[in-house]
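**Q** Note that the protein sequences, when read in sequence, are chains A and B.
For the first sequence, the numbering used here assigns the number 306 to the initial residue and increments by one for each residue that follows.
For the second sequence, the numbering used here assigns the number 234 to the initial residue and increments by one for each residue that follows.
Ideal Cβ positions, reconstructed from N, Cα and C, are used throughout, including at glycine.
Fair warning: this is a prediction, and the values are worked out from it, not measured in the lab.
Please see the structure below; I have some questions.
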Amino acid sequence: MNEMSPTKSERAAALKGLGTSRKRVEDSRFTQGKGNYIDDIKMPGMLFGDFVRSPYAHARVKSINAERALEMPGVIAVLTAADLEPLSLHWMPTLAGDKQMVLADGKVLFQGQEVAFVVAEDRYIAADAIELVEVDYEELPVLIDPMKAEEDGAPILREDIADQKTGAHGARRHPNHIFTWEQGEKEATEAVLSGADVVAEETVYYHRTHPCPLETCGCVASMDKVNGKLTLYGTFQAPHVVRTVASLLSGIAEHNIRVISPDIGGGFGNKVGVYPGYVCSIVASIVTGVPVKWVEDRMDNLMATAFARDYWMTGKIAATKEGKITGLWCHTIADHGAFDACADPTKFPAGFMNICTGSYDIPTAYLAVDGIYTNKAPGGVAYRCSFRVTEAAYFIERMIEVLAIKLDMDAGELRKINFIKKDQFPYNSALGWEFDSGDYHTAWDKAMQAVDYDGLRKEQAERVEAFKTGETRKMMGIGLAHFTEIVGAGPMKNCDILGMGMFDSCEIRIHPTGSAIARLGTISQGQGHATTFAQILASEIGISADDITIEEGDTDTAPYGLGTYGSRSTPVAGAATAMAGRKIRAKAQMIAAYLLEVHDNDIEWDVDRFVVKGAEERFKTMKEVAYAAYNQEIPGVEPGLEAVSYYDPPNMTYPFGAYVCVMDIDVDTGEHEIRKFYALDDCGTRINPMIIEGQVHGGLTEALAIAMGQEIAYDDMGTHKTSTLMDFFIPTAWETPHYLTDFTETPSPHHPIGAKGVGESPNVGGVPAFSNAVNDAFRAFGVDHTHTNMPHDHWRIWKTAKDLGMHD
Amino acid sequence: MELKDEVRIAAPREQVYAALNDPEILKKCIPGCEELIKHSDTELEAKVTLKIGPVKARFSGNVVLDPTQAPDSFSLQGEGNGGVAGFAKGGADVGLAEDGDETVLTYQAKAAIGGKLAQLGSRLVTSTSRKLAAKFFASFAKELNADPVV
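Here's what the structure looks like:
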């Protein structure tokens, strides 16, 4: 062989495939301000819409007078429910089988609800004109506390369905009750609880918060009345689903609707749902015949588009004296707001909350979730987590800590005793999941060693003594968390949204000169798909990632897919990419065999080429094969080199991780300082370690926000108290600690490349780690004190210290 | 939100009480008051422009007085609507004590605000309200040709 020929490993490195920390190809445009976001889209004659929103959380709308607004120069139209009713668009279906008002139809059910849509020549005129729309409200009693929803005399919120005894998810026992969802074995679990050595009980509230993406939601609807085509640009995490829903709602044939998601500035679940702004913009464009843009401002976003969490989880966990868990019971009150608009697979009205047995081998368990209507904004999206998985992980990781207190046992040791063992996988959980793979003990031991866990506990004990003797006013908390995610929804046998199966897709075209384009049914919102999917493909087809364009988000060109949320892109579309790549390779092998004049079976794949077995100097590179595919007549083989794969995953994937947070707390000021944060993630095969690290940093910072201060709060009148960034906590570099990241690698046995997804793990694992650290800091100071609710802002931490007598 | 204060006014109690029931004087003294109509001895209707932080709104509202204990004390209840800016409702108990030729006015007010006003201005509501109250009593004392002694 020629000395200059690259070695096998050099050729592999040149592909920049799996395992390479390839720089993000998207960033050259993002860092130069050349991204193309929804508000960058400008079309000739484009109008702007803005909403008149309700100041009341619950009121009857007696009249709407738009006369003064319409007199204002530049105002084109004011739409109300009365205008939408003839089109049957004054209400719309939600993703959860409920329906939602597009514009207030007789009453409003949450503060900030859309009442009228003002269309004007520019955005400022629209914003001014909404103040001139006179709405006459009759205030009604407000229901804010979900625990009071079914009390005598509670106001009935949804008069439209008050008499319906059955909803989309079964029986409803009260007009303010949405569903009861039960999993596991109730009687068996109660029997275990009543006979147990030890039972720990706690009510854990995972407060309401909001994804608050940097870019708010928005769209531009453009109805071309000449050819009957509607083009809808929008911040959609699921563009294909939006097209199907828009077609079903509007009656416009699906081929006449083109949905385009341009660059998206963060989604985190907020951009999964269908919002009144989209419907009103489409209607306004149809009415006016020109494009109409609607973009939320920050208050609109925090007030009205989808919130996350708001789960009241009451748990009982049973164990032997030695600490072996024997049973888990959980009842959850799920506050869904005014309409049930949760974005969950249809059969899972509480998402995958039944992953709440966590990383532990719990033989018997029972879960019940009651969905409740309140006078709050609708939503319930998976904010950087798979469906309700962060709630589940927080619940079990708090219950483990509470049990450790009850048993007077080390919480790390308690976890080790109860982890599902490596040889138990695939593991069938008591609440119905088949965990595909895991090696929890290895990860845990690595984490404990990395942070010198025993040393930390020793230091903590010394600190408690120092506090008692008055030498310090700072307590030390060690927050442990071992989480198991369930991502990659999902298998069509049990996962669909509005009846649409949750497969995903990839379509590949190899160009004659040996470069390629791949289109997917997903859409990046900052995850770096253009970088990582090209790497998956590079390793499959032997073309450098630099020579592969990844395109997503245009329903006219991309294959149908269910979009990007719930860490599903890599598990589902990533699998489709690998499978489509393998189809390419199968055809390429036939072509290469012909070119090499040997039988198909006599050649084998070698990084970027097919070589004749036993004679590796005889080869054809993928690049050569691509050229031949288009330009050479090959008997029995069609010209061209393309493939498409629609991938229906056989199972979910189950990433996991071990996190440790070390925090100091000032008992007099309530301030905290995160001294150390160690995050070990196992997301199976690692596609791009640099992107994984970035995802972990971002997810941990969102977890920090949620655990330490971020919340959507309402006052007694239903006024939204945290609708600006003055009140809604977004961490800056100032609050964000240094993170130590680490990994183990347990590939998914059923995924074509063994990848599991990672974008959401740090949120799922981070929240309990931060919260456990705060709670752990107080462990030595109250026998009965086992839990304080998030968010652990300075005031709440100070209050806990005060209540425990630490200020005396 | 709760406000509580004591104001000493250099005028006899009858005069103070009469002024507090005089729509012309009230209109001049309430900051931002554009219109004040007295429908009866106990019912008032007002239009007031208020600015709290970044939110400016024109409120129309109704106030009902309970003068059964007058002039020792009286109470009032009211509510106002500022359109998209939000709404306010609340009440106050006012005491008038004679102290020689002067009057010591004490008040205890409770108010709740909702809508955008509450969302954007929550931090500013109490301080703005205090400022408005102080402004009211300064103007009020001036109308009575008496300096307020705070």
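For Y935(A), does the count of other Cβ atoms within 10 angstroms reach 16, so buried, or fall short, so exposed?
**A** Looking up residue 935(A) in the first sequence gives position 630. By the neighbour-count rule (16 or more Cβ atoms within 10 Å), Y935(A) is not buried but exposed.
**Q** What does the Cβ neighbour count give for N680(A), buried or exposed, with the cut at 16 atoms within 10 Å?
**A** Locating residue 680(A) in the first sequence gives position 375, counting from the first residue. With 16 or more other Cβ atoms within 10 Å, it is buried.
**Q** Going straight from the alpha carbon of A1060(A) to that of L985(A), what length do you get?
**A** Against the first sequence, residue 1060(A) aligns to sequence position 755. Against the first sequence, residue 985(A) aligns to sequence position 680. One C-alpha to the other measures close to 16 Å.
**Q** Determine the burial state of I587(A): buried for a count of at least 16 other Cβ atoms within 10 Å of its Cβ, exposed for fewer.
**A** Working through the first sequence from its first residue, we reach residue 587(A) at position 282. The residue is buried, with at least 16 neighbouring Cβ atoms inside 10 Å.
**Q** On the three-pair Cβ rule with 8 Å, is the region 627-640 of chain A touching the region 655-671 of chain A?
**A** They touch, by the three-pair rule.
**Q** For a quick check, are the C-beta atoms of L253(B) and T275(B) less than 8 Å apart?
**A** Against the second sequence, residue 253(B) aligns to sequence position 20. Against the second sequence, residue 275(B) aligns to sequence position 42. Going by C-beta atoms, L253(B) is not nearer than 8 Å to T275(B).
**Q** Return the bridge partner residues of A613(A) from the DSSP annotation.
**A** By 1-based counting over the first sequence, the position of residue 613(A) is 308. According to DSSP, which records beta bridges pairwise, A613(A) is partnered with T514(A), V686(A).
**Q** Going by DSSP, what residue range makes up the alpha helix (DSSP H) through Q840(A)?
**A** As a working mapping, residue 840(A) is identified with position 535 in the first sequence. Counting along the chain, the alpha helix (DSSP H) containing Q840(A) begins and ends at 834-846.
**Q** Return yes when the Cβ of R720(A) is within less than 8 Å of the Cβ of L803(A), no when it is not.
**A** Taking the first sequence and counting its residues from 1, the one referred to as residue 803(A) is at position 498. Taking the first sequence and counting its residues from 1, the one referred to as residue 720(A) is at position 415. No. Outside cutoff.
**Q** Starting from R887(A), trace the beta strand (DSSP E) in both directions and tell me its first and last residue.
**A** Counted from its first residue, the first sequence places residue 887(A) at position 582. Segment 880-901 is the alpha helix (DSSP H) holding R887(A); no beta strand (DSSP E) there.
**Q** Taking the alpha carbon of I667(A) as the reference point, which residue from V967(A), V579(A), T521(A), G737(A) has its own alpha carbon closest?
**A** Translated into the one-based positions of the first sequence, residue 667(A) becomes position 362. Nearest of V967(A), V579(A), T521(A), G737(A) to I667(A), Cα basis: G737(A).
**Q** Between L384(A), P360(A), M805(A), which lies nearest to A371(A) when the distance is taken from Cα to Cα?
**A** Within the first sequence, the letter at position 66 stands for residue 371(A). Taking only the C-alpha atoms, the option nearest A371(A) is L384(A).
**Q** What residues from the region 404-422 of chain A come within 8 Å of chain B, judged by C-beta to C-beta, listed N to C?
**A** Here the close residues are Q416.
**Q** Where does T295(B) fall in DSSP's three states?
**A** Within the second sequence, residue 295(B) is the residue found at index 62, counting from 1. Correcting the residue identity first, residue 295(B) is Asn in this sequence and not Thr. If DSSP states are grouped into helix, strand and coil, N295(B) belongs with the strands.
**Q** Mark A1038(A) as exposed unless 16 or more other C-beta atoms lie within 10 angstroms of its C-beta, in which case mark it buried.
**A** Along the first sequence, one-based indexing puts residue 1038(A) at 733. Flag for A1038(A) reads exposed.
**Q** Which stretch, first to last residue, makes up the beta strand (DSSP E) that contains A809(A)?
**A** For the purposes of this step, residue 809(A) is taken as the residue at position 504 of the first sequence. It should be noted that the sequence gives Asp, not Ala, for residue 809(A). From DSSP, the beta strand (DSSP E) with D809(A) extends over 809-815.
**Q** For A613(A) and V686(A), which I take to be in contact (beta-carbon distance under 8 Å), what is that distance rounded to the nearest angstrom?
**A** Position 308 of the first sequence holds residue 613(A). Position 381 of the first sequence holds residue 686(A). Between V686(A) and A613(A) the Cβ distance is about 5 Å, and since that is below 8 Å, they are a contact.
**Q** Does the CB of E235(B) have a neighbour CB from chain A at under 8 Å?
**A** Residue numbering aside, residue 235(B) sits at position 2 when the second sequence is read from its first letter. Output row for E235(B): interface = no.
**Q** Compile a chain-ordered list of the residues in the region 307-331 of chain B whose CB is closer than 7 Å to at least one CB of chain A.
**A** Under the 7 Å Cβ criterion, the region 307-331 of chain B contributes G316, V317, G319, F320.
**Q** Might you give, ordered along the chain, the residues of its own chain that have their beta carbon closer than 7 Å to the beta carbon of M306(A), omitting 5 neighbours on each side?
**A** Position 1 of the first sequence holds residue 306(A). Confidence in M306(A) is poor, its pLDDT being 48 and thus under 50, which makes the residue's placement unreliable; the coordinate value appears in the next sentence. Taken in chain order, the residues that qualify are E922.
**Q** At what residues does the beta strand (DSSP E) containing W634(A) begin and finish?
**A** On the first sequence, residue 634(A) is found 329 positions in, with the first residue counted as 1. Element bounds for W634(A): 630-642.
**Q** Determine the direct distance from the alpha carbon of Y699(A) to that of K1107(A), and round the result to whole angstroms.
**A** In the first sequence, the residue the question calls residue 1107(A) occupies position 802. In the first sequence, the residue the question calls residue 699(A) occupies position 394. Taking the straight line joining both Cα atoms gives about 25 Å.
**Q** Apply the 10 Å Cβ neighbour rule to W1100(A) and answer buried if 16 or more other Cβ atoms are within range, or exposed otherwise.
**A** Against the first sequence, residue 1100(A) aligns to sequence position 795. Exposed.
**Q** So with CB distances below 8 Å, who are the chain E contacts of K349(B)?
**A** You won't find chain E in this structure, because its protein chains are A and B.
**Q** Quick check: the region 519-539 of chain A against the region 595-608 of chain A, are at least 3 beta-carbon pairs closer than 8 Å?
**A** Counting Cβ pairs under 8 Å, three or more are found: they touch.
**Q** Using a Cβ-Cβ cut-off of 8 Å (strictly less than) and excluding sequence neighbours within five positions of V1118(A), which residues of its own chain qualify?
**A** Summary: the structure shown does not reach residue 1118(A), with chain A confined to residues 306 through 1113, and so no result is reported for it.
**Q** Going by Cα to Cα distance, which pick from T325(A), I430(A), A589(A), A454(A) is closest to L389(A)?
**A** Counting from one through the first sequence, the residue named residue 389(A) turns up at place 84. Of the candidates T325(A), I430(A), A589(A), A454(A), the one whose C-alpha sits nearest the C-alpha of L389(A) is A589(A).
**Q** Can you list the residues of chain B that M1022(A) reaches, using a CB-CB cut of under 7 Å?
**A** Translated into the one-based positions of the first sequence, residue 1022(A) becomes position 717. Simply A345, G347.
**Q** Over the uninterrupted alpha helix (DSSP H) stretch that includes I270(B), give me the two end residues.
**A** Walking along the second sequence from the start, residue 270(B) turns up at place 37. Not the alpha helix (DSSP H): I270(B) falls in the beta strand (DSSP E), residues 266-271.
**Q** Kindly indicate the opening and closing residues of the beta strand (DSSP E) around R365(A).
**A** Reading the first sequence from its first residue, position 60 is the one you call residue 365(A). 364-370 is the extent of the beta strand (DSSP E) around R365(A).
**Q** Just tell me which of A330(B), I270(B), A318(B) has its CA closest to the CA of L350(B).
**A** Here the question's residue 350(B) lines up with position 117 in the second sequence. Among A330(B), I270(B), A318(B), the Cα nearest to that of L350(B) belongs to A318(B).
**Q** Measure the CB-CB distance between S810(A) and G826(A) and report whether it falls below 8 Å.
**A** The residue labelled residue 810(A) in the question sits at position 505 within the first sequence. The residue labelled residue 826(A) in the question sits at position 521 within the first sequence. In contact: S810(A) and G826(A) (Cβ atoms closer than 8 Å).
**Q** Counting Cβ pairs, one atom from each stretch, are 3 or more of them under 8 Å apart for the region 808-822 of chain A and the region 925-932 of chain A?
**A** In short, these stretches touch, since the Cβ pair count reaches three.
**Q** Measure from the alpha carbon of Y1044(A) to the alpha carbon of each residue in T1006(A), E938(A), S844(A), then state which is nearest.
**A** Within the first sequence, the letter at position 739 stands for residue 1044(A). Ranking the options by Cα distance to Y1044(A), first place goes to T1006(A).
**Q** Need the endpoints of the beta strand (DSSP E) that L825(A) sits in, please.
**A** Stepping through the first sequence from its first residue, residue 825(A) is reached at position 520. Run containing L825(A): 821-825, per the beta strand (DSSP E) assignment.
**Q** Determine which residues share a DSSP beta bridge with Q488(A) and list them.
**A** Counting from one through the first sequence, the residue named residue 488(A) turns up at place 183. According to DSSP, which records beta bridges pairwise, Q488(A) is partnered with L672(A).
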